[in-house]
Amino acid sequence: MDIILYNGKVITMDEDKPYASGVFIKGNKIYKVGNDEEVLKYKKENTKLIDLQGRTLLPGFNDSHMHLINFAYTGSMIRLAGLTSVDEIIEKSKKSIKQDTVNVGWIKGRGWNQNNFDEPRMLNRYDLDKISVDRPICFIRACGHVLVINSYALKMLNITGDTFQVAGGHFDLDENNEPTGVFRENAMNIVYDNMPSPTIAEIKDMITSACKLALSEGITSIQTDDLDNFSDNDYDKIIKAYEELRDDGELPVRIYEQCLLGDIETFQGFLNKGYRTGQGDNFFKIGPLKILADGSLGARTAYLSEPYEDDSSTCGIGKLTQDQLDQLVLCAHKNNMQIAIHCIGDKIMDMAFSSIKKAINKYPRKDHRHGIVHSQITTKQLLNEFKEIDAIGYIQPIFLDGDISIVEKRIGKERAKYSYNFKTLIDMGVHTPYGSDCPVEPFNVLHGIYCAVTRKTLEGLPVEGWLPEQKVTTLQAISSFTKEGAYASFEEDIKGTIKEGMLADLVVLDNDIFEMECHKIKDMKVDYTIVDGVVVYDRMKQQMVL
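Printed below as a string of structure tokens:
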């Protein structure tokens, strides 16, 4: 059914025609963008009319980095986010276990953050022992870079103080050389490798349920890191789940897969099977090689060039050596794979840029679109490196909500001045697609826009905003959630702007976002989401239209 949207404020993100009041959709493409008279002339008997009543119409939102399947998978776990004490976690977990009479294996939870606790310390095995001593427990920190298990799980996995540590990670030991139950970075695989993996059918259910929630937030495209989620490390199974959904017309959101493959041997096997960036169609494509190079700031596992301000004993954890990083980047680059490297600390970011420059110098290629995921702790030199090698900066502005309260404690005021420099990157001409890193944070795009524009937490602090000179405009934030996201996946010619011939992926907000006071942006709602020319979410009907 053809659709005409009229009487609105259409923000096209097209520099040649930035504003309009109406759009005519024919099939799955945008056929006409103009004033009401220009689009309404296409009305026929069976055309669907949507009176925008002054509301904002935007290109569909594009989340440039999240973990879609992991979001759905952790949705079945005990939700620990927002809890403010160890005792609160213990009590909630006991109640959840009592109510769940079906599952008898691992007790899993996600979302705890020691920075929110009355006593800010890591969970340990003895805390979890108070929940259960006869079932294994695994509780994952909010960032996903630290987990804790109970004594039963330690015994089941045969982990003692004499167990060899893992390169690129470690498990904590107390003063008596006994494991505390805390596992960091690569050491977490010791635990994950002993958990059961879901079937293809279960994975497909996870994908569709998560996609429907994303549609309710106006997200029509997702760049997602999924391939290394489960203990079997079967990336073919994940890809097959997506392809089967696509082939059956049941994939509701456009997917660009950021391929986390772990090591050079696995990656070489992936290449040998013929996988390459861009392979696929407009609903599912292979994206970049994703490289997980360090940890998180909150867990003090982000790899810094100097020790943490609040813990001088550590600089964090680099998950790869320079040689390992060089090898992965060079292999990907020469095989025409895009590259997206997880870098939160400045030391690992410097190593990543070094690897990218070596690869480009050996195999020159202009439009590589390699990028740095998170791009948080930067220096003047690192900011210049983005521009020098034309690297993408994948940004999660919602991180400001949690990090504003800890960043200066972790790295000091001087280093903090040059970190989270969203506006500086834009002013330098760096492409900065925005995302959420869900399930680390919810994928609410309007919350992300609010944080980028105000530089405040969702509670409105600090009053003037943190590093207020780094505030971006509302239009810049929208561009980073639409046009820039399309650029990051080499798809700026088919989506990310509202103009004739583009895919009809659109979102309608409940008001005029440019007339809203900035602090009210986070409270705005999505009224409609349109994908491929079809209304797939209608808030007024309180339902998915699928």
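All the letters of the sequence shown, read from the start, carry residue numbers 476 to 1021 under the numbering used here. Note that the Cβ used here is the ideal one computed from N, Cα and C, for glycine as well.
- Taking C-beta separations shorter than 8 Å and ignoring five residues to either side along the sequence, the partners of Leu746 in its chain run Cys806, Asn810 and Met812, following chain order.
- Ranked by Cα distance from Thr796, the first of Cys618, Phe592, Gly643 and Ala628 is Gly643.
- Across the structure, Pro908 and Lys862 are spaced so that their CA atoms are roughly 15 Å apart.
- It is roughly 50 Å from the alpha-carbon of Gly971 to the alpha-carbon of Thr638.
- In this model, Lys765 and Gln733 are separated by some 5 Å (Cα to Cα).
- Per DSSP, Glu677 is one residue of the alpha helix (DSSP H) stretching across Ile675 to Leu690.
- Rounded to whole angstroms, the separation of the alpha carbons of Met681 and Met826 is 35 Å.
- Counting only runs of at least 3 residues, the stretch 717-799 fully encloses the following beta strand (DSSP E) elements, listed from N- to C-terminal order: 729-735 and 759-767.
- In this structure, the beta-carbon distance from Ala952 to Lys504 does not fall below 8 Å.
- Residue burial annotation: Thr699 is buried, with at least 16 other C-beta atoms found within 10 angstroms of its C-beta.
- For the options Asn661, Ile606 and Asp865, the alpha carbon positioned closest to that of Ile835 is the one of Asp865.
- Look at the stretch 921-1006 and you find these whole runs of alpha helix (DSSP H), each 4 residues long or longer: 949-955 and 958-963.
- In the DSSP assignment, Asn537 forms a beta bridge with Ser696.
- Taking a contact to require three or more Cβ pairs closer than 8 Å, the stretch 621-636 and the stretch 653-664 qualify as touching.
- Of the residues Asp477, Ser496, Asn537 and Lys501, the one whose Cα lies closest to the Cα of Leu921 is Asn537.
- Relative to the Cα of Glu512, the nearest Cα in the group Ala774, Gln856 and Gly497 belongs to Gly497.
- The beta strand (DSSP E) runs lying completely inside the stretch 635-664 and spanning 3 residues or more are 644-648 and 654-660, given in chain order.
- In the three-state reduction of the DSSP assignment, Lys898 falls in the helix class.
- The three-state secondary structure of Ile486, taken from DSSP, is strand.
- The straight-line gap separating the alpha-carbon atoms of Gly755 and Ile969 is approximately 15 Å.
- Contact between the stretch 561-569 and the stretch 587-603 is present: three or more C-beta pairs spanning the two stretches fall below 8 Å.
- Annotation: the continuous beta strand (DSSP E) that includes Ile500 extends over Gly497 to Lys501.
- Here Leu533 is near Val982, since their CB atoms are less than 8 Å apart.
- Under the 10 Å beta carbon count, Val915 is surrounded by 16 or more other beta carbons and is classified as buried.
- Across the set Val848, Ala685, Arg585 and Leu735, the C-alpha of Ala685 shows the shortest separation from the C-alpha of Glu725.
- DSSP places Ala628 within a helical segment (H, G or I) once states are collapsed to three.
- In terms of Cβ geometry, Lys715 and Ile675 form a close pair [threshold 8 Å].
- Cβ neighbours of Thr957 within its own chain (closer than 8 Å, five residues either side excluded): Met488, Leu533, Pro534, Gly535, Phe536, Asn537, Gly971 and Thr972.
- When secondary structure is reduced to three states using DSSP, Ala815 falls in the strand class.
- Approximately 13 Å separates the beta-carbon atoms of Ile792 and Gly773; this is outside 8 Å, ruling out the contact.
- By a beta-carbon distance limit of 8 Å, Arg616 does not contact Asn986. Their separation comes to about 36 Å.
- Counting the other CB atoms within 10 Å of its CB gives Thr635 a total below 16, which places it among the exposed residues.
- Within the same chain, and ignoring the five residues on either side of Leu858 in sequence, the residues whose Cβ sits closer than 8 Å to its Cβ are Tyr893, Asn896, Thr899, Leu900 and Met903.
- Sequence-distant partners of Gly502 (beyond 5 residues in either direction) whose C-beta falls short of 7 Å from its own C-beta, in its chain, are Gly1008.
- When secondary structure is reduced to three states using DSSP, Gly877 falls in the helix class.
- Between Tyr778 and His808, the C-beta gap is not smaller than 8 Å, which leaves the two residues out of contact.
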